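What follows is a set of notes on a single structure, which appears directly below.
Number of protein chains: 4
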Amino acid sequence: MSGNWFGHNFRFATWGESHGPAIGAIVDGVPPGIPLAEADIQSWLDKRRPGTSKYVTQRQEPDVVRIMSGVFEGKTTGTPIALIIDNVDQRSKDYGDIKDAFRPGHADYTYWKKYGIRDYRGGGRASARETAMRVAAGAVARKILERDFGPKFQVRGAMTKIGPLRINPEKWDWASLDGNPFWCPDATVIGLWSKFLDSVRREGSSAGAVVEIHASGVPAGLGAPIYSKLDADLASAIMGINAVKAVEIGDGFNITAIPGEDAHDEMRMKTVEGQNERAVEFLSNHAGGILGGLSTGQDIVVRFAVKPTSSILAPRRTVNIQGEDTTVATKGRHDPCVGIRAVPVGEAMVACVLADHWLRHKAQCG
Amino acid sequence: MSGNWFGHNFRFATWGESHGPAIGAIVDGVPPGIPLAEADIQSWLDKRRPGTSKYVTQRQEPDVVRIMSGVFEGKTTGTPIALIIDNVDQRSKDYGDIKDAFRPGHADYTYWKKYGIRDYRGGGRASARETAMRVAAGAVARKILERDFGPKFQVRGAMTKIGPLRINPEKWDWASLDGNPFWCPDATVIGLWSKFLDSVRREGSSAGAVVEIHASGVPAGLGAPIYSKLDADLASAIMGINAVKAVEIGDGFNITAIPGEDAHDEMRMKTVEGQNERAVEFLSNHAGGILGGLSTGQDIVVRFAVKPTSSILAPRRTVNIQGEDTTVATKGRHDPCVGIRAVPVGEAMVACVLADHWLRHKAQCG
Amino acid sequence: MSGNWFGHNFRFATWGESHGPAIGAIVDGVPPGIPLAEADIQSWLDKRRPGTSKYVTQRQEPDVVRIMSGVFEGKTTGTPIALIIDNVDQRSKDYGDIKDAFRPGHADYTYWKKYGIRDYRGGGRASARETAMRVAAGAVARKILERDFGPKFQVRGAMTKIGPLRINPEKWDWASLDGNPFWCPDATVIGLWSKFLDSVRREGSSAGAVVEIHASGVPAGLGAPIYSKLDADLASAIMGINAVKAVEIGDGFNITAIPGEDAHDEMRMKTVEGQNERAVEFLSNHAGGILGGLSTGQDIVVRFAVKPTSSILAPRRTVNIQGEDTTVATKGRHDPCVGIRAVPVGEAMVACVLADHWLRHKAQCG
Amino acid sequence: MSGNWFGHNFRFATWGESHGPAIGAIVDGVPPGIPLAEADIQSWLDKRRPGTSKYVTQRQEPDVVRIMSGVFEGKTTGTPIALIIDNVDQRSKDYGDIKDAFRPGHADYTYWKKYGIRDYRGGGRASARETAMRVAAGAVARKILERDFGPKFQVRGAMTKIGPLRINPEKWDWASLDGNPFWCPDATVIGLWSKFLDSVRREGSSAGAVVEIHASGVPAGLGAPIYSKLDADLASAIMGINAVKAVEIGDGFNITAIPGEDAHDEMRMKTVEGQNERAVEFLSNHAGGILGGLSTGQDIVVRFAVKPTSSILAPRRTVNIQGEDTTVATKGRHDPCVGIRAVPVGEAMVACVLADHWLRHKAQCG
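Residue numbers (the numbering used here), protein chains in the order written: chain L, 2 to 367; chain G, 2 to 367; chain A, 2 to 367; chain W, 2 to 367.
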């Protein structure tokens, strides 16, 4: 089948192009009786909205979401929840110059090869605009998980690297996220990052990024071996975000250099605070909260790489649909670092994977 | 649903535990009329078989595959192909000591949390033994793709790092793979790697690895946006292999440090040798053969990290099913570097993803 | 998963309640390059529209469809096609009297048992209004099939029985359909049917119906054994239409009384008119165009029973959500014979099943 | 995808041909901890086994099932349950005469058109032998439902018509089933049926049948609107059984002649025996236990038509794979009335649909 839907028991499908009248989604399988209002979704959409700082695209999209179905008197009914966001600022004339030429690193070449269609108005379906609907679906997923997992449940993301500049992981402080447009958890590098991205933007270049998502308060045992392991589904959900080229769980590539006796998280029983029982405690979290494709109960840690925006001002060599050599430069309003807006999208996708596996778990083991 | 099946139009499901009588698979959706014999599958199984060198588990499993259905007079009939491999060397007594204790880094803890079942005989369903069936399904996938993509189609894997030791990518020579038990493409490091792994093995430790898979001769346009992008499905298929903790496409994490004007693969028209036509040529392959979730026609490059084997001789702190602190050491016959046998498994999974997307592509665009 | 989507390679999902702002659908997997305009869909919607005669609900819904995505310059692009129809005439006050009481034969009781939600405004998601989106999806399916199967392809439906009154099958003339509001293929019974339904309507009662769909010009070999046989998928698609209680293929129940030697369609080679080749000709069509779950190339014949509308004026015994005995009578504007509007819906579902199986067939055997 | 799998959360896939070495199934998604032994499955298989009376095929197949995986110490583990039955009595030479000719009413023509393969050894994948695996999967489904629905849960089938001979529904007595080879619930017609079928068998003819399945003790609310309604999934599951041509729920086609005020099941509150609470009671069951695609809590009643066996002794006109006119007569050992063995198969499919919807219901509403 064509791939515009996500998930099994928590399932959504999205539609819409960046230059059409609107984008939308259907979210299906949501348990009935969950309080849901447009504001619950809007607050997450506002995190990824264009035009919020000079470091993201200046396209002006208010991204106001409307719930069209599936909610009655403030609660989900169990029927499909349709969501729509009107496209306000299409301004397709910006794309006139690239009507025929393929942008290096962009999907327009491969879409043309697959479908034989050249929608010259812009990114079309391949545009990162589609990710607004992922964020919206993620907001619904969070409502399910917050109800069922309780107040300890949380999905949070941060940017840990921009271009060549990393954070210092020891300086990680979630509270730092609020004061900067980069979702940067290390307050000491924000100034440097700002200067760097100012320079990238001025030069009409773009920068890549690394994003890290943490999910806390997830019970042990989520995931469906063998071909829907929790980490496999997370990898798919994250790699499918526009411009992502790599995904790690826990230590990721770094674990390969650690000897076996140090690489695995040892366990001890500990007394649970304020309770009369003891629980398993892991002494480290190399595994990123997943073993054998199932959650361990520790924080789930997912890290991913976002490539530099492919639509840039600098002219590059390419070909056009007539099969001629040419050059292309993109004059539109684009993100100098698309990784910034990938943070709320990554969070949303993690929430969606967890919601799907939670419902699947209830089906088999509930 | 429970997750024991893979794919949509090319679909397989596997069954079996490491200590049961057999393991098996059903491969469904295979086009009719494709020549297929047990030998076509066996040759790939022999690549991942236990006991082939001192660097892999000494469990003695001939891994002889039988085709039980779906083939008539040497050709596929279009009906499901059932494959079975008998388990010969179960020897479950090796596991007696770990009957109650959870191995750090192993799935036995999470399976117990999910299912409430403790199959103390060994890895059970979580055992890497299941990957034999992935290799078998991959062999069927290759037959489809070889017929339809022609002789240029190839899926090959190599190990590029073991523990802390990398290859020199400039020394890459596919011909080197035949002369060593590591699938190492850089002949100059094989001696060093042997010494390293000998030492790891002697000490009862284990080592991680990085594996890289290249698929050549794949036409442009495979993949199904938005939620079944080719790279998303590859990420899922690879991350779902036992012990894998990270997946990259093309430059992966490294692309984040490259400025936008250099990170994207430029294009030129070139004259195709021996033909009267011109074709698009990419001047680099940072993208690893995938843009917008669709194949570009270039080599598809997938890289993944395999953690050190969790079953090791060194004693480690853990808990048991009675909720007591204890230590555990695994005396069974295990791979000191499970990454070695992950090479043919990674190849197989890439082939399966491509076969599925090829059939899906035919459905919509064929 | 929740069940708001249909199909595999040709897939659609619908959303919306009868008393919400709109209803909609996403149609996914449509091949690119197929000419598609709103008028192509509107013409079929007009067939099932409310208010077209006194024999259907007087609710005034223009049912104007808008294509929101997936079409560019008059052709499908291969991306999801979103369709929306605004609800114009909700008038939910009509339902005040039945706010708490369950209508016998209606889904409101079972929805309440499943979801614990009482959407007292009317049928909500269970309303036959949802079938407008089936007709819209069916219109897209027809476009695919018309392109690929050619001008001989046709899906047509007729009503063959209303209440206790049958047509005479020997008088069947497709041309009769145009002159009556019943899709009745036997012109000799139209007068009788009109009188009967006038009387039913006056008395505040309702009547059941039998509908028959014929699909011509379908090539042999469509269907996917064993669990997605063409007749199994047709049975599901048809039984899932509101108020349907029975489905037959070909002779259906009647075949049970025919001796084996007469029940099966014999074959002969015949010369194809105007061509230099010979083809298989069946000498009868007891099988309704399907053998072993695969199309034979003959006309596919599907027949189904539609129960009388459950919302009627006559008071009936029931209970309410407070668990008290009560009576209920429905004063809203309802179809005296919902079977009439089921004709275009049945046609659409048959077209959707065929489109899905055609794409699935191309994937495996194309 | 190819269609050899059934269900979503309770999912199984089958494999095997009538003349291969074995047939088998994978049953996935089964909750862990359910007691399951081979005997639990064997008892149901024995009900549909060949050779049990002169009225079913004389093929001698002991049909001994082996559980290959997914069960440990007598309980399900949550991993896939593989089942295998060896084919003992292939005797493919019986089919020599029909090597090239297509049997009227049989799938061999359509398989040849779809796959281009002629497996002349017999029914191959289209053989009713595959239904043994449905019965086996159904046995697993029953174990789930018996645990979760309690002792009132029951799925029972009976044959209500053979050829032209019906039972008297007023004489229905489930106890009658044990004393006859027809699963006939009306003891007064058994003698007549025996004579009729003796005559059919002697003449080398065959007879159709009507089968009725009742599921009791099913809670209200199962089913997944809109495209996986309980009745839609039942229709698919039943229509997909070999030789089935029609499916009804409750009154089925007969409901079309009943006026609206009588056709729908009224409700009253009644005091539950021995309990201090009151429950909804339906005053009739025209609906067959399903409204709006969801179970009502009443008995689910499914009725289906089985056509006469297509493999008969009487010679009939047909064509062969060379495109020549010929005649064909089948000398093999076939069922004179395949409807008899369809009873346990129908029961099994109903159980599988219920198990799938029960797990799906738990996922969303549990």
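Note that beta-carbon positions come from the ideal geometry of N, C-alpha and C, so glycine has one too.
Since we're looking at a predicted model, the values are computed, not measured.
Buried versus exposed, by CB contacts within 10 Å (16 or more), residue i
i, result
"R317(L)", "buried"
"L193(G)", "exposed"
"W45(W)", "buried"
"T328(W)", "exposed"
"E249(A)", "buried"
"V28(G)", "buried"
"D64(G)", "buried"
"G75(A)", "exposed"
"T272(L)", "exposed"
"L360(A)", "buried"
"E147(G)", "buried"
"G324(A)", "exposed"
Between the CA atoms of residue j and residue i - distance to the nearest angstrom
i, j, result
"K308(L)", "D90(L)", "25 Å"
"S177(A)", "A188(A)", "6 Å"
"I86(G)", "F7(L)", "34 Å"
"Q276(L)", "V156(L)", "26 Å"
"A14(G)", "K162(A)", "46 Å"
"A102(W)", "R119(W)", "10 Å"
"T53(G)", "A137(L)", "51 Å"
"Q299(G)", "I291(G)", "8 Å"
"I168(L)", "R342(L)", "18 Å"
"D199(W)", "A208(W)", "11 Å"
"Q43(W)", "V141(W)", "11 Å"
Amino acids of chain C, ordered along the chain, whose beta-carbon sits closer than 8 Å to that of residue i
i, result
"G79(G)", "Going by chain labels, chain C is absent from the structure shown, which instead holds the protein chains L, G, A and W."
Which of helix, strand or coil DSSP assigns to residue i
i, result
"N255(L)", "helix"
"R342(G)", "helix"
"H265(A)", "coil"
"V354(A)", "helix"
"K100(A)", "coil"
"T78(G)", "coil"
"S44(W)", "helix"
"K55(G)", "coil"
"H215(A)", "strand"
"A364(L)", "helix"
"M69(A)", "coil"
"I118(A)", "coil"
"G25(W)", "strand"
"D234(L)", "helix"
Practice task
Could you list the residues in the stretch 349–361 of chain G with a C-beta less than 8 Å from some C-beta on chain A, going in chain order?
Solution key: L360 and R361
Problem - Under 9 Å (Cβ pairs) to chain W, residues found in the stretch 253–267 of chain A - result: G253, F254, N255, I256, T257, A258, I259, P260, G261, E262, D263, A264, H265, D266 and E267
Practice task
Let me know the beta strand (DSSP E) ranges lying completely inside the stretch 132–208 of chain G, each 3 residues or longer, listed in chain order.
Solution key: Within the stretch 132–208 of chain G, the runs of beta strand (DSSP E) at least 3 residues long that lie entirely inside it are, in chain order, 155–163.
Handout entry: Residues of the stretch 221–255 of chain L with Cβ closer than 7 Å to any Cβ of chain G, in chain order
Key = Contact annotation: in the stretch 221–255 of chain L, residues whose CB is within less than 7 Å of a CB in chain G are A221, G222, A225, P226, I227, Y228, S229, K230, D232, A233, D234, A236, S237, M240, G241, K246, A247, V248, E249, I250, G251, D252, G253 and F254.
Handout entry: Members of the stretch 125–141 of chain W that neighbour chain G once the beta carbon cut-off is set at 8 Å
Key = G125 and R126
Problem - alpha helix (DSSP H) runs wholly inside the stretch 275–351 of chain G, at least 4 long, in chain order - result: Qualifying alpha helix (DSSP H) stretches: none in this window.
Exercise for the section: Can you give me, in chain order, the residues of the stretch 21–33 of chain A that have a beta carbon less than 9 Å from any beta carbon in chain G? Expected result: G30, V31, P32 and P33
Practice task
Give the residues from the stretch 292–321 of chain G that approach chain A closer than 8 Å (Cβ to any Cβ), ordered along the chain.
Solution key: none
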